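Below you'll find the structure, written out as structure tokens, and then a few comments.
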Amino acid sequence: MNQNSESIQAVVTVNMDKVSGGAPIFFARNEDELISISIKLSKILDSTVHELENGTYIVVRHE
Amino acid sequence: MPDYLVVILAGVIAGVSSRIVLLRIDYRQYPGYPHGYLAHLSLGFVSSALGAVAIPAILKPDYTAVTFLALAAQQFREIRTMERRTLESLERTELVKRGLDYIEGIARTFEARNYLVMGTAFVTSLAAQFGGLAAAVFTALVALIFSHYFMSGDVIGNICDISPARLYFKGPILMVDEISIMNVGLESMRTKILKDGLAVKIRPIDGNARATIHDVGQRKAIAFTAAVILGTKKDVDIPEFTPMARKNPDTGDVGLYILPVEKDMEQLIAAVKLTPVLESARSKPLKAGPVIKAARKEGGLN
Numbered sequence: 024m025n026q027n028s029e030s031i032q033a034v035v036t037v038n039m040d041k042v043s044g045g046a047p048i049f050f051a052r053n054e055d056e057l058i059s060i061s062i063k064l065s066k067i068l069d070s071t072v073h074e075l076e077n078g079t080y081i082v083v084r085h086e
Numbered sequence: 006m007p008d009y010l011v012v013i014l015a016g017v018i019a020g021v022s023s024r025i026v027l028l029r030i031d032y033r034q035y036p037g038y039p040h041g042y043l044a045h046l047s048l049g050f051v052s053s054a055l056g057a058v059a060i061p062a063i064l065k066p067d068y069t070a071v072t073f074l075a076l077a078a079q080q081f082r083e084i085r086t087m088e089r090r091t092l093e094s095l096e097r098t099e100l101v102k103r104g105l106d107y108i109e110g111i112a113r114t115f116e117a118r119n120y121l122v123m124g125t126a127f128v129t130s131l132a133a134q135f136g137g138l139a140a141a142v143f144t145a146l147v148a149l150i151f152s153h154y155f156m157s158g159d160v161i162g163n164i165c166d167i168s169p170a171r172l173y174f175k176g177p178i179l180m181v182d183e184i185s186i187m188n189v190g191l192e193s194m195r196t197k198i199l200k201d202g203l204a205v206k207i208r209p210i211d212g213n214a215r216a217t218i219h220d221v222g223q224r225k226a227i228a229f230t231a232a233v234i235l236g237t238k239k240d241v242d243i244p245e246f247t248p249m250a251r252k253n254p255d256t257g258d259v260g261l262y263i264l265p266v267e268k269d270m271e272q273l274i275a276a277v278k279l280t281p282v283l284e285s286a287r288s289k290p291l292k293a294g295p296v297i298k299a300a301r302k303e304g305g306l307n
């Protein structure tokens with residue numbers, strides 16, 4: 024519904040070799056840290072956390 | 006022959022009272038009280054005055070005076086613009102958006118209501134002129150009932166079956182029955198959604214209805230209505246709780262997900278049923294049958 028307005032605010036991952044590129048990337052040491060960073064980022068950025076199922080979360084702002 | 010003043014007064018009174026009847030704060034929380042009310046009542050007064058003086062002007066005879074009706078149309082278009090602007094600026098801070106289609110629909114309604122008021126004033130003054138006051142009262146009542154009936158458009162409940170649906174997760178994907186809604190990454194959010202969320206399936210009864218709820222604006226309007234009536238737990242920092250309506254691309258069924266303040270399935274179904282069918286979304290592809298047949302014949306396909 025929110026056409027053309029999604030943007031990736033941050034990428035949080037435990038697999039350093041799986042990500043690179045434009046958005047800010049946060050490396051987590053383990054699953055717990057991954058979730059804790061994601062929650063904090065989502066609150067700070069008013070954004071939604073989405074799971075990519077490879078130990079990587081993206082924080083996306085809709086609209 | 007009654008005095009022109011009485012004729013005009015009868016028209017104006019009928020017009021203004023029809024505007025009052027049509028003006029009410031409903032679940033869309035619009036228009037605001039008291040200033041929105043005042044603005045619309047004043048405009049209603051102007052339009053009923055315009056409608057009421059038409060008959061005396063013709064009988065006078067002062068035919069050029071009737072051309073001001075054209076001016077009135079211009080005036081009422083302004084109303085639509087005004088409504089649209091107000092709602093669009095409100096939209097920016099709205100947590101659950103109405104959507105532009107809904108706004109356009111509301112704006113158009115406000116414009117059209119003034120034409121109705123003008124019409125009511127016109128027929129009432131016509132009746133007052135030729136039939137006396139009793140006829141005027143009767144005509145005004147008929148016009149009121151007509152405009153009340155006429156302006157309440159179709160609702161989703163008439164074109165779709167709504168039933169409770171199951172909310173669950175397939176991996177990170179939130180599902181309403183077989184329809185995928187969105188990706189929710191955090192486990193804590195998933196638990197919360199499963200605990201407090203509600204979902205319904207909106208099943209169109211025919212092809213026309215399917216085309217109508219295929220419209221994104223229409224689906225937004227449904228989600229908006231549900232959120233207004235049941236409340237929503239969404240806040241600026243929890244966008245996961247945004248009510249959403251997504252469709253099954255194969256069947257055209259729409260799944261609606263919402264995180265209501267009051268977890269009440271019956272009320273949710275009632276809210277969805279109550280959503281107006283937007284003019285911009287309504288379409289009747291089934292009515293195109295004969296046209297398409299003719300076109301196929303012409304093309305030698307049949």
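Just so you know, the sequences run in chain order A and B. Residues 24 to 86 (this note's numbering) make up the first sequence, in order. Residues 6 to 307 (this note's numbering) make up the second sequence, in order. All C-beta atoms, glycine included, are put in the ideal place defined by N, C-alpha and C. None of these values were measured; they are calculated from a predicted model.
Same chain, Cβ closer than 7 Å to residue i, five either side skipped, listed in chain order
{"i": "R90/B", "result": "none"}
{"i": "H40/B", "result": "none"}
{"i": "P295/B", "result": "none"}
{"i": "S285/B", "result": "D106, E109, G110 and G222"}
{"i": "I60/A", "result": "V35, F49 and A51"}
{"i": "Y262/B", "result": "L172, L179, V181, I186, G202, A204, P248 and M249"}
{"i": "E93/B", "result": "I108"}
{"i": "D166/B", "result": "R208 and I210"}
{"i": "H77/A", "result": "Going by the sequence as given, residue 77/A is Asn instead of His. So the list reads N38 and K41, once near-sequence residues are dropped."}
{"i": "R287/B", "result": "T217"}
Residue i (DSSP reduced to helix, strand or coil)
{"i": "A33/A", "result": "strand"}
{"i": "K66/A", "result": "helix"}
{"i": "E74/A", "result": "strand"}
{"i": "A204/B", "result": "strand"}
{"i": "R29/B", "result": "coil"}
{"i": "G260/B", "result": "strand"}
{"i": "P281/B", "result": "strand"}
{"i": "M24/A", "result": "For M24/A, the pLDDT reaches just 43, beneath the cut-off of 50, and the residue's location in the model is therefore unreliable, leaving the point undetermined."}
{"i": "K252/B", "result": "strand"}
{"i": "R24/B", "result": "helix"}
{"i": "R52/A", "result": "coil"}
{"i": "E84/A", "result": "One detail in the question is off: residue 84/A reads as Arg in this sequence, not Glu. R84/A falls in the strand class under three-state DSSP."}
{"i": "F143/B", "result": "helix"}
{"i": "V296/B", "result": "helix"}
{"i": "G16/B", "result": "helix"}
{"i": "V11/B", "result": "helix"}
Residue i: contacting residues in chain A (beta-carbon distance under 8 Å)
{"i": "D242/B", "result": "S65, K66 and D69"}
{"i": "G202/B", "result": "By Cβ distance, chain A contributes nothing, its closest Cβ being about 15 Å from G202/B, past 8 Å."}
Residues near residue i by beta carbon distance below 6 Å, same chain, minus five either side
{"i": "A132/B", "result": "A140, A141 and T144"}
{"i": "S168/B", "result": "K206"}
{"i": "R195/B", "result": "F174 and V189"}
{"i": "R84/A", "result": "S30, Q32 and S70"}
{"i": "A148/B", "result": "T125 and V128"}
{"i": "A118/B", "result": "Correcting the residue type first, residue 118/B is Arg in the shown sequence and not Ala. Closer than 6 Å at the Cβ level, and outside the excluded window around R118/B, lie L27."}
Cβ shell of residue i (< 8 Å), same chain only, five flanking positions each side left out
{"i": "G20/B", "result": "G49, F50, S52, S53, A54, G56, A57, V122, M123, T125, A126 and T129"}
{"i": "L64/A", "result": "Q32, A33, V35, F49, S70, V72 and V82"}
{"i": "K252/B", "result": "I184, I218, H219, R224, D258, V259 and G260"}
{"i": "V71/B", "result": "A59, A62 and I63"}
{"i": "L116/B", "result": "Residue identity check: residue 116/B is Glu in the sequence provided, not Leu. Cβ within range, chain order: F81, R82, I84, R85 and E88."}
{"i": "A46/A", "result": "I31, Q32, A33, V34 and I81"}
{"i": "V266/B", "result": "L235, G236, T237 and K238"}
{"i": "V160/B", "result": "K278, L279, T280, P281 and V282"}
{"i": "V17/B", "result": "F50, S53, A54, A57 and A126"}
{"i": "L46/B", "result": "V21, R24, I25 and L28"}
Under 8 Å from the C-beta of residue i: neighbouring residues of chain B
{"i": "I62/A", "result": "L191 and S193"}
Residue i: contacting residues in chain B (beta-carbon distance under 7 Å)
{"i": "V72/A", "result": "G190 and L191"}
Proximal chain A residues relative to residue i, where beta-carbon distance stays under 9 Å
{"i": "E99/B", "result": "The contacting residues do not exist; E99/B stays about 11 Å from chain A at best."}
{"i": "P177/B", "result": "H73, E74, L75 and E76"}
Per-residue contacts from residue i into chain A (C-beta, under 7 Å)
{"i": "E309/B", "result": "One cannot answer for residue 309/B here, as it falls past the ends of chain B, which runs 6 to 307."}
Chain D within 8 Å of residue i, Cβ atoms only
{"i": "I31/A", "result": "The structure shown contains no chain D; the protein chains it does contain are A and B."}
Interface residues of chain B facing residue i [CB-CB closer than 9 Å]
{"i": "I48/A", "result": "Chain B residues near I48/A: none, gap ~16 Å exceeds 9 Å."}
The stretch 145-160 of chain B / the stretch 64-82 of chain B touching (three or more Cβ pairs under 8 Å):
No, they do not touch.
Does the pairing of the stretch 170-190 of chain B with the stretch 230-242 of chain B give three or more beta-carbon distances under 8 Å?
no
Should the stretch 83-103 of chain B be called in touch with the stretch 212-232 of chain B, which here means at least 3 C-beta pairs below 8 Å?
yes
Contact between the stretch 216-224 of chain B and the stretch 250-258 of chain B (3+ Cβ pairs under 8 Å)
yes
Take every Cβ of the stretch 193-210 of chain B, pair it with every Cβ of the stretch 269-284 of chain B, and state whether three or more of those distances are shorter than 8 Å.
yes
What are the complete alpha helix (DSSP H) segments, minimum 4 residues, inside the stretch 45-131 of chain B?
73-96
Residue ranges of each alpha helix (DSSP H) within the stretch 163-246 of chain B, 4 or longer:
Counting only runs that start and end inside the stretch 163-246 of chain B, the alpha helix (DSSP H) elements of at least 4 residues fall at 192-201, 212-219 and 221-235.
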